[in-house]
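Step one of this worksheet: look at the structure below.
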Amino acid sequence: MERIKTLYQAMTNSDYILLGAGAGLSAAAGISFADEKAFKAQFPVLWQKGIHSDYQTFSYKAWSLEQRWAYWAKHITQVRYNTPPLTLYTQLLTLLNGWDYQIITSNVDRQFYRSGFPMERVFEAQGSYDWLRCTNENCDRQWAAEDFIKRMLPQVDEAQLTIPTDYLPRCPVCGALLEMAFRHHDGYHEAQENYRQWLKKSESGSICIIEIGVGFNSPGVIRVPFERITGGRVQAKFFRITVDYPNSEEEIAYPEIPQPIAKQSTSLNLDARVVIETLFKWKTS
Ligand SMILES: [Zn+2]
Numbered sequence: 001m002e003r004i005k006t007l008y009q010a011m012t013n014s015d016y017i018l019l020g021a022g023a024g025l026s027a028a029a030g031i032s033f034a035d036e037k038a039f040k041a042q043f044p045v046l047w048q049k050g051i052h053s054d055y056q057t058f059s060y061k062a063w064s065l066e067q068r069w070a071y072w073a074k075h076i077t078q079v080r081y082n083t084p085p086l087t088l089y090t091q092l093l094t095l096l097n098g099w100d101y102q103i104i105t106s107n108v109d110r111q112f113y114r115s116g117f118p119m120e121r122v123f124e125a126q127g128s129y130d131w132l133r134c135t136n137e138n139c140d141r142q143w144a145a146e147d148f149i150k151r152m153l154p155q156v157d158e159a160q161l162t163i164p165t166d167y168l169p170r171c172p173v174c175g176a177l178l179e180m181a182f183r184h185h186d187g188y189h190e191a192q193e194n195y196r197q198w199l200k201k202s203e204s205g206s207i208c209i210i211e212i213g214v215g216f217n218s219p220g221v222i223r224v225p226f227e228r229i230t231g232g233r234v235q236a237k238f239f240r241i242t243v244d245y246p247n248s249e250e251e252i253a254y255p256e257i258p259q260p261i262a263k264q265s266t267s268l269n270l271d272a273r274v275v276i277e278t279l280f281k282w283k284t285s
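Quick note: the sequence shown uses my numbering, first residue 1, plus one each step.
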């Protein structure tokens with residue numbers, strides 16, 4: 001509790017707030033990519049292949065396209081369409097209201113967008129589930145994912161986790177196969193540039209840097225840059241909020257703070273839900 005107070009004071013005393021959100025934020029809010037029990041129940045075929053969580057599907061390479069898209073269709077429907085905007089995100093929005101803040105997230109679930117965050121304040125560094133792109137380089141068109149996902153979902157053979165080849169998503173213009181766009185979508189570079197500009201602007205004052213639920217899946221996106229920004233600014237206070245994934249065999253949080261920035265930093269080895277709900281109560285009471 002004392003450390004949450006320290007965080008709230010730092011927020012209150014800072015001109016700017018920089019917030020980095022990783023999978024641990026969505027996990028605390030209700031979307032877990034590390035939940036192996038739920039994964040085993042939903043994707044027994046993948047479990048038998050040795051894939052034990054949604055995380056592990058990202059690095060798995062031995063898919064047939066038919067199985068890859070059967071997985072995407074089910075997973076994206078669940079995460080992106082069937083999951084409503086989550087309370088923890090709307091609380092975070094209320095909490096940050098009134099500050100000049102900027103968010104960088106590795107989450108692809110679009111919870112910031114769906115919870116009503118002003119998207120000029122959010123940089124989705126890994127893109128999102130919302131766009132597909134044509135694999136034909138001469139065409140290179142992009143398409144909203146939703147219609148394609150909805151068309152594939154009823155075709156999924158649950159026992160084999162596969163879809164008929166005829167239902168693989170294809171470009172309506174050139175007929176080539178589509179793939180998930182992630183970072184390769186229109187507007188990505190503008191959002192990245194906008195984020196960089198804000199960082200530059202924030203050098204003019206004091207800044208509270210808050211990292212929530214960022215592990216070691218892609219430390220180069222948020223974790224390492226945040227440590228560097230902290231180390232490079234005298235007027236920076238850094239807070240690392242992370243907790244181990246209790247249901248995972250391999251996800252670990254590492255709440256430690258590197259020695260060179262230890263004096264400016266506080267580690268809160270707490271569930272993001274506890275921290276955000278507490279801050280939200282203080283702000284709204
Ligand atoms: Zn095309």
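Using N, Cα and C, we set each Cβ at its ideal position, and we do this for glycine too.
By Cβ distance, which residues of its chain are closer than 8 Å to residue i, with the 5 residues on each side in sequence left out?
i	result
Arg-273	Ala-28, Ala-29, Leu-88
Pro-255	Arg-240, Thr-242, Val-243, Ser-267, Leu-268, Asn-269
Phe-112	Ala-21, Tyr-89, Ile-103, Thr-105, Met-119, Val-122, Glu-124
Leu-86	Ser-26, Ala-29, Gly-30, Ile-31, Gln-111, Ser-115
Thr-57	Leu-46, Ile-51, Tyr-71, His-75
Ligand 1 and residue i: does the residue's C-beta get closer than 6 Å to at least one heavy atom of that ligand?
i	result
Val-243	no
Ala-181	no
Ala-176	yes
Arg-141	yes
Asn-136	yes
Val-173	yes
If we call anything under 7 Å between Cβ atoms a contact, is residue i one with residue j?
i	j	result
Leu-132	Ala-70	no
Met-1	Cys-208	no
Ile-257	Leu-25	no
Ile-163	Gln-155	yes
Met-152	Ala-73	yes
Tyr-55	Ala-34	yes
Leu-46	Ile-210	no
Ser-53	Glu-36	yes
Lys-237	Gln-259	no
His-75	Gly-127	no
Thr-165	Glu-66	yes
Ile-261	Gly-231	yes
Cutting at 7 Å between CB atoms, please list the residues of its own chain near residue i, excluding the five before and the five after it.
i	result
Cys-134	Asp-140, Arg-141, Cys-171, Cys-174, Ala-176, Leu-178
Asp-130	Arg-110, Ala-144, Ala-145
Ala-125	Ile-104, Thr-105, Ser-106, Val-221
Leu-92	Ile-276
Ala-159	none
Tyr-195	Gln-102, Ile-104, Phe-123
Thr-77	Ile-149, Leu-153
Trp-198	Gln-102
Among the residues of its own chain, which have a CB less than 6 Å from the CB of residue i, if the five just before and after it don't count?
i	result
Pro-44	none
Ser-206	Ser-14, Asp-15, Gln-235
Lys-283	Leu-95
Arg-3	Thr-266, Leu-268
Leu-7	Phe-239
Ser-202	Tyr-16
Trp-99	Ile-17
Asn-136	Cys-174, Ala-176
Asp-271	Ala-28, Val-243
What does DSSP give as the partner residue(s) for residue i in the beta ladder?
i	result
Arg-240	Glu-211, Ser-267
Val-122	Ile-103
Gly-20	Ile-104, Glu-211
Within the region 248-282, ranges of the beta strand (DSSP E) (whole runs, at least 3 residues): 265-268
Ignoring anything shorter than 4 residues, give me the alpha helix (DSSP H) runs that lie fully in the region 131-194, in order along the chain. 145-152
Could I get the ranges of all uninterrupted alpha helix (DSSP H) runs contained in the region 31-112, with 4 residues as the minimum, in chain order? 36-42, 44-48, 54-59, 65-76, 87-96
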